[in-house]
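Residues in the sequence shown are numbered consecutively from 4, following my numbering.
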Amino acid sequence: MLSILNSIQGLVNFLFLVAIVGTVGVSWLYAHRLKKQYNADFPWGKTVSIVGIEVLLWIGFNFFWEIFEAFWLPILVVAIIAIVVVLSRNRRKYI
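What follows is the structure in structure tokens.
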């Protein structure tokens, strides 16, 4: 089970890396075109804040994923019970 969880973590870490590199790459491309066409400056502060948020999300994901890896069985049991309770509620029928 841990190998499956580790492979999921590796995949999500790769996706975070792609998102960060993509954000920087697209920002650089847009800044280049903006400078070339309109001779205007690109707001790099916004790009830095977006990349900062992405990095903080990446760190937060890895922190909570380590907790999930340590306690995956109790979390799984609680999640299954919550899903069963939500799905088995009596639904009101409106006429």
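All residues carry an ideal CB built from backbone N, CA and C; glycine is no exception.
Cβ pair residue i, residue j closer than 8 Å
{"i": "Ile11", "j": "Glu57", "result": "no"}
{"i": "Met4", "j": "Trp68", "result": "no"}
{"i": "Val21", "j": "Phe64", "result": "no"}
7 Å Cβ shell around residue i - same chain, five flanking residues per side excluded
{"i": "Val81", "result": "none"}
{"i": "Val54", "result": "Ile23, Thr26, Val27"}
### Task
Could you tell me whether the segment 45-57 touches the segment 22-32, where touching means 3 or more Cβ pairs closer than 8 Å?
yes
### Query
What are the uninterrupted segments assigned as alpha helix (DSSP H) that are 4 or more residues long and contained completely in the segment 5-67, given in chain order?
5-41
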